[in-house]
Amino acid sequence: MTEQFHLSRLQVINWGVFDGYHTIPFSSGGALIAGASGSGKSSLLDAISLGFLPFNRRNFNASGDHTAAGSSAGRRTVDKYVRGAWGQRSDGGNSRVMYLRGDGTAWSAVAVTYAGDSGRTVTGLVLKWLTGESRADSSSRFVLGDGDLDIENVCNRWAAGRFDTSVFKGDGWRFSTKVESQYLAQLYATIGIRASDAAQQLLGKAKSLKSVGGLEQFVREFMLDEPDSLARLPEALKQIDPLVEARELLAVAQRKRKILGDIERIQHRYASESSDLGIIDLVDAPMVRAYTDHVRLAQCPTQIATLDGTIDQLDNEYEDVTRSLNLAKAEADSLNAQISGSSANIGPLASQVSAAEAGAEQVSRRRGAYEDLLTAQGLDVPDTADDFWNLREELLSQATELLAKVERHREASTDAEYAQKAARMVRDDAAKELRRVEQVGSALPEFALVMREQICAAVGVGTADLPYVAELMDLRPDQTRWRTAVEKVLRGAGLRLLVPDQQWAAVLRYVNETNLRGRLALHHVRSSAYGTAPGATDAKTLAGKLFAVDPRHPCAAEAVDVVASAGDHICVDTPDVFERFRRAVTDTGLYKDSDRLAVKDDRRPLKQSEYLYQGDVSAKINALTVDLAAAEETYQKARRVADDIAAQRQQWRDRAAACKAICEQYGQWSQIDTETADGHADRLREQYELLLADHPDIEALNARADECWSQIQKLMTRRGAIQTRRDDLDDRRTRLLELAERLSQATDARSRDEHRFVSEPLTDLLSRYAAQLPVALELLEPEPHRDALFGAIRKDREQLRESRRRSYDELARILSTFDTAFPDAVPNDSDDFDERVHDYVALCRHIDERELPEAYERMMRLVTEQAPDAILTLHRVAEHEARRISEQIDRVNTGLGAVEFNRGTRLTLRATPRSLTAVAELTEIVRAISRRIAEVGLGDKQAILHQYADILRLRNRLASTAPEDKAWTRDALDVRNRFTFDCAEWDVSSGDLIRTHSNAGDNSGGEQEKLMAFCLAGALSFNLASPAQPATSTAAQAVDNRPVFAQLMLDEAFSKSDPQFAQQALQAFRKFGFQLVIVATVQNATTIQPYVDSVVMVSKTEASGRNPRPVATVVARSISEFTELRQQMRKKVPAGV
6 MTEQFHLSRL
16 QVINWGVFDG
26 YHTIPFSSGG
36 ALIAGASGSG
46 KSSLLDAISL
56 GFLPFNRRNF
66 NASGDHTAAG
76 SSAGRRTVDK
86 YVRGAWGQRS
96 DGGNSRVMYL
106 RGDGTAWSAV
116 AVTYAGDSGR
126 TVTGLVLKWL
136 TGESRADSSS
146 RFVLGDGDLD
156 IENVCNRWAA
166 GRFDTSVFKG
176 DGWRFSTKVE
186 SQYLAQLYAT
196 IGIRASDAAQ
206 QLLGKAKSLK
216 SVGGLEQFVR
226 EFMLDEPDSL
236 ARLPEALKQI
246 DPLVEARELL
256 AVAQRKRKIL
266 GDIERIQHRY
276 ASESSDLGII
286 DLVDAPMVRA
296 YTDHVRLAQC
306 PTQIATLDGT
316 IDQLDNEYED
326 VTRSLNLAKA
336 EADSLNAQIS
346 GSSANIGPLA
356 SQVSAAEAGA
366 EQVSRRRGAY
376 EDLLTAQGLD
386 VPDTADDFWN
396 LREELLSQAT
406 ELLAKVERHR
416 EASTDAEYAQ
426 KAARMVRDDA
436 AKELRRVEQV
446 GSALPEFALV
456 MREQICAAVG
466 VGTADLPYVA
476 ELMDLRPDQT
486 RWRTAVEKVL
496 RGAGLRLLVP
506 DQQWAAVLRY
516 VNETNLRGRL
526 ALHHVRSSAY
536 GTAPGATDAK
546 TLAGKLFAVD
556 PRHPCAAEAV
566 DVVASAGDHI
576 CVDTPDVFER
586 FRRAVTDTGL
596 YKDSDRLAVK
606 DDRRPLKQSE
616 YLYQGDVSAK
626 INALTVDLAA
636 AEETYQKARR
646 VADDIAAQRQ
656 QWRDRAAACK
666 AICEQYGQWS
676 QIDTETADGH
686 ADRLREQYEL
696 LLADHPDIEA
706 LNARADECWS
716 QIQKLMTRRG
726 AIQTRRDDLD
736 DRRTRLLELA
746 ERLSQATDAR
756 SRDEHRFVSE
766 PLTDLLSRYA
776 AQLPVALELL
786 EPEPHRDALF
796 GAIRKDREQL
806 RESRRRSYDE
816 LARILSTFDT
826 AFPDAVPNDS
836 DDFDERVHDY
846 VALCRHIDER
856 ELPEAYERMM
866 RLVTEQAPDA
876 ILTLHRVAEH
886 EARRISEQID
896 RVNTGLGAVE
906 FNRGTRLTLR
916 ATPRSLTAVA
926 ELTEIVRAIS
936 RRIAEVGLGD
946 KQAILHQYAD
956 ILRLRNRLAS
966 TAPEDKAWTR
976 DALDVRNRFT
986 FDCAEWDVSS
996 GDLIRTHSNA
1006 GDNSGGEQEK
1016 LMAFCLAGAL
1026 SFNLASPAQP
1036 ATSTAAQAVD
1046 NRPVFAQLML
1056 DEAFSKSDPQ
1066 FAQQALQAFR
1076 KFGFQLVIVA
1086 TVQNATTIQP
1096 YVDSVVMVSK
1106 TEASGRNPRP
1116 VATVVARSIS
1126 EFTELRQQMR
1136 KKVPAGV
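In this text, residue positions in the sequence shown follow the numbering used here: the first is 6, and each later residue adds one.
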């Protein structure tokens, strides 16, 4: 049988108008506190409330009307009870409260003693005190003791000792505290009250049974606990809020990265262009002159030797031609002598024929040259003068259009040359990286080696003493399938610098004081692991795919441990089996990090030349060689594009020049009119032939003489050409000898300085430019070549400056935009532009390597785990609380079914579910969030976006203070609103429904009190039942339904009820097993008497001139003594009164 506790005694000292010490016994059968109005009856109930209820459940003076005007001014408080407030006095419009203990220090003590069926008792003592003239904020002390303890002496000692709590050590007192909740927790643990807010609220509310409100309000607010879904809302919002912060941080990091853009590539290009420009700026005209003089001096001996051989050959040829010429002259002289006698008449006409034929021949040659020019340009040869002039106009127009086209394509040519230069820079970088790797013999990136060299130089150790993890590990030859996963997942671990214990402190100090301009991860090598043999790794994990390259290295064991810790992912073929393992990875680099987080990093393409875990550096060299070949191919392709554009523009320029040349060289049609010139020559030839017909011998001699003359002319022309060429070559040889002598012997200091000024790098640069020039170097006339060389350098210099300016402008724009958008995150605000750019590039790397991954990982963790878990848990708790309401109603109905409501009827409390829009909307959102969890975990961007939007929308609604959103939240989470409550009255014998009580406010005052009494009894029966009692009604009927805490206080209850209703309600409370402590007037005592065992009679003296201190007294009597006392009082009352 469950042990039940009841109130056995109340002790008060200086409580309200109860001045001094008062002790009041209570029987387990209940007690009536009776007295005149204002005598202090409710003050005793308030004292009991102070002893066993929390401050927010006490409901002081519950029978008072707190809705009346001015009621708040007179509302009772603990501080007023301590001072002994007994009334108000008005003087001249001013009102003041009258106190029994208004001056100096005042204190009160209230003790409640509870006794159990087994004889066990416990006493709870509450002490309150005010110092000085204070009227509020009283101090408190709560004490608990075993047994029925008297408080008068101990409290007086406590007050006399200036509230010294040491007096409560011993004498049965076992617990003392300043915290009310700790005191109540100890008290409730002893007397059996469960930690139910509804039980405490009902015990406090029972005092004002007549003002409990409607049935719906009563059931929701007092019978049922506040659902856990409402209580958990603030915690759920705390779990969701970090997601909003994480999303904002990720957005900030993404905006930073977007603004920075390709700053690293642009900075690299800017630095390269600055370096190239720094070299090419050193080249000036004297330097070009000095360079060409060096080349001329080097080429002179070769050309002189070649000229010597050619001159000797021409001398021999000249002698042969001279002999042939002499023979031809002798024959011609003989023929001329024979003809001289007959040529007097033929000579003039022959001269005219010769002149005409010469003119026709000249026109024919011009015509041939003109036709060749037109044919080369793909044009038709004009046949008439009109065609000639039309063609001339067309050529001039075409030349103008082509030159305009060349100008329009100037920008495209510049862009192509810029792309060619960028490709060349990439190729040069690849070549530089290949040379670096071949030189240093390490697969690690350059920045990692540079930082290590700085640290080693600072602390005085060798680089071999501070290895990176990746230098000590390599992929097993038979595990090449897992290369991608190893490089992606374990890249961060591979770039950890292992620092032995003896250098740890020095390295930390140096790193802390130095800006290394990069990200560095330091790993402390413990002394216990330094120099030990590396352990074995699980072959099924990603770490098991690696092996220690040098197991004898002192840090090899620590490197294996680092890799084993970071790579403890089980290697699987497909992500479908991820759920079987805590951590897993596929060969593509997708790895599961937790139950709801999977990550794959594809931000940068993974190239073989960037592999970290390569014990054999030759593999990296081979990869870099392949990259260099690819870069070279890209460069050649860009160069071909640039050359094609340049060639096209040159072709247009050549065509325009050709069109202009044709028009300029052939300005008249007569210059190429062969038809007219040939006709004139033919007419003269006919006349000459007619004259020759009369002298046939002369014709033969003349023909032979012409042949001889022609041969002589050819020989003379040939000899003259040989002589001219020999003289030219000899002159050139002489000039070359003089040039070599002049160049080999510098004549002044300036010349010598220019020779020394051309350094080897500059010589290489000038040689590269000279090889690309279309104008070859002429040793004796170097100016065209010099001008072309200097022009090419000047052009490239201008392009470099323009390109560098563009790069500078791009960098300045990025820095300015970043500074404007994120003024608090500026890494460097100095005036040194190069230093600023360097720091911004480091910031960009930091964002790529840490800020973005960490922000994304945090948001993914929150959006996949924490925030959805909080929402799903909140929804799950709400659904559970909704189901629990039905269980609670069933338990209340078990209690209600034990007592008749009216004669032959039973009362049943019913909870009917109702449909709420907020509940449906919440359920739909939760289902959508739940459905997307898997997709979000796999990184689906669209799913992540929708998931975040739903979570943010729900969070904003739950946290909103807008009236409509607060109403929505109450409907969605306060599951008590999901039901409508009413009471059904059933006929016991037939089981028929007699009446439905849907709103207690529709009943009369007496019916309302009766209905509330039954509901209150059922609710208390449930909330104060033993925790071990079954929840179902069938099982509950077979066990003890008595509450573990029997005390039930009623203040001025049943004041409006007729005796029948009141008796039925009191009978219900008694049958439920409650100890009734009822405050009522003497007039209502007759109705209450049968249901209590004792009466506490309260009286108070009136304030008068001689007695300004109204003081209350109290006397306890049994029912029989109280009955006799009433009978005696009736006999003393005169008849008719």
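Note that CB positions come from ideal geometry on N, CA and C, so glycine has one too.
Note that the structure is predicted; figures quoted are calculated from it, not measured.
- request: May I ask you to list the residues that DSSP assigns as paired with Gln-16?
  value: Thr-28 and Ala-116
- request: Please go through the segment 446-476 and give each complete beta strand (DSSP E) segment of 3 or more residues, from N-terminal end onward.
  value: none
- prompt: Could one say the Cβ of Asp-976 lies closer than 8 Å to chain C's Cβ atoms, at least one of them?
  reply: Protein chains in the displayed structure number just one, and chain C is not present.
query: Hey, would you say Tyr-916 sits closer than 8 Å to Phe-986, going by beta carbons?
result: With the sequence shown as reference, residue 916 is identified as Ala, and Tyr is not the correct amino acid for it. Yes. Within cutoff.
query: Sorted by chain position, which residues of the same chain lie with C-beta nearer than 8 Å to Met-1134's C-beta, five sequence neighbours on each side aside?
result: none
- request: Please say whether Val-504 and Val-512 have beta carbons closer to each other than 8 Å?
  value: yes
- request: Provide the residue(s) that pair with Met-103 in DSSP beta bridges, ordered along the chain.
  value: Gly-92
Val-148 - partner residues in DSSP beta bridges: Leu-130 and Ser-181
- prompt: Excluding the five sequence neighbours on either side, which residues of its own chain have a C-beta within less than 6 Å of the C-beta of Leu-254, listed in chain order?
  reply: Ala-860
query: Cα-Cα, which of Lys-1105, Ile-1083, Asp-621 and Ile-575 is closest to Ser-1099?
result: Ile-1083
query: My guess is that Thr-542 and Ala-569 are in contact by the Cβ rule of under 8 Å, so how many angstroms apart are they, rounded?
result: 5 Å
task: Reducing DSSP to helix, strand and coil, say where Gln-1103 ends up.
output: A small fix is needed here, since residue 1103 is Val in this sequence, not Gln. Val-1103 falls in the strand class under three-state DSSP.
message: Is the separation between the beta-carbon of Phe-1050 and that of Gly-197 shorter than 8 Å?
response: yes
query: Three-state secondary structure (DSSP) at Val-504?
result: strand
task: Decide if Ala-374 is buried, meaning its Cβ has at least 16 other Cβ atoms within 10 Å, or exposed.
output: exposed
query: Going by C-alpha distance, which of Arg-81, Asp-834 and Asn-1089 is nearest Ser-54?
result: Arg-81
query: Val-249: which of Leu-877, Gln-508, Asp-970 and Gln-871 sits nearest, CA to CA?
result: Gln-871
Rounded straight-line distance, which links the Cα of Asp-732 to that of Asp-320: 10 Å
query: What is the rounded straight-line gap between the Cα of Thr-591 and the Cα of Glu-416?
result: 49 Å
- request: Just mark Gln-670 as buried or exposed, buried being the case when its beta carbon has 16 or more other beta carbons within 10 Å.
  value: exposed
query: Expressed to the nearest angstrom, what Euclidean distance is found between the alpha-carbon atoms of Leu-50 and Thr-910?
result: 33 Å
task: Sort Gln-93, Glu-269, Gln-16 and Val-172 by Cα distance to Asp-839 and report the nearest one.
output: Glu-269
Three-state secondary structure (DSSP) of Cys-576: strand
query: Near Leu-421, what residues of its chain come up, given a Cβ to Cβ distance below 7 Å and the 5 sequence neighbours on each side ignored?
result: Rather than Leu, the amino acid found at residue 421 in this sequence is Ala. The residues are Val-646, Ala-647 and Ile-650.
task: For Glu-362, name the three-state secondary structure that DSSP assigns.
output: helix
- prompt: Thr-822 to Met-430, Cα distance in whole Å?
  reply: 27 Å
- request: Starting from the C-beta of Ile-956, find all residues in its chain whose C-beta is less than 8 Å away, skip the five residues before and the five after it, and write them out in chain order.
  value: Ile-245, Leu-248, Val-868, Ala-872, Pro-873, Ile-876 and Ile-934
query: Given that a residue counts as buried once 16 or more other Cβ atoms are within 10 Å of its Cβ, and exposed if not, what is Trp-91?
result: buried
query: On the premise that Leu-602 lies in contact with Gly-572, defined as a C-beta separation below 8 Å, what is that separation, rounded to the nearest angstrom?
result: That pair is no contact at about 17 Å.
- prompt: In chain order, what residues of the same chain have a beta carbon less than 6 Å from the beta carbon of Phe-23, not counting five sequence neighbours either side?
  reply: Val-17 and Ala-1117
query: Does the Cβ of Ala-360 have 16 or more other Cβ atoms within 10 Å, making it buried, or fewer, making it exposed?
result: exposed
message: So for Ile-1083, helix, strand or coil by DSSP?
response: strand
task: Starting from the Cα of Glu-451, find the closest Cα among Arg-690, Trp-178, Leu-748 and Tyr-473 and give me that residue.
output: Tyr-473
query: Between which two residues does the alpha helix (DSSP H) containing Ser-812 stretch?
result: 788-826
query: Under three-state DSSP, which class holds Glu-759?
result: Here the model assigns Glu-759 a pLDDT of 47, short of 50, so the residue's position is not dependable, and the following value carries that caveat. In this structure, Glu-759 counts as helix in the three-state DSSP scheme.
message: With a threshold of 6 Å on Cβ separation, who are the neighbours of Thr-679 within its own chain once the five nearest residues in sequence on each side are excluded?
response: Val-368, Ser-369 and Arg-372
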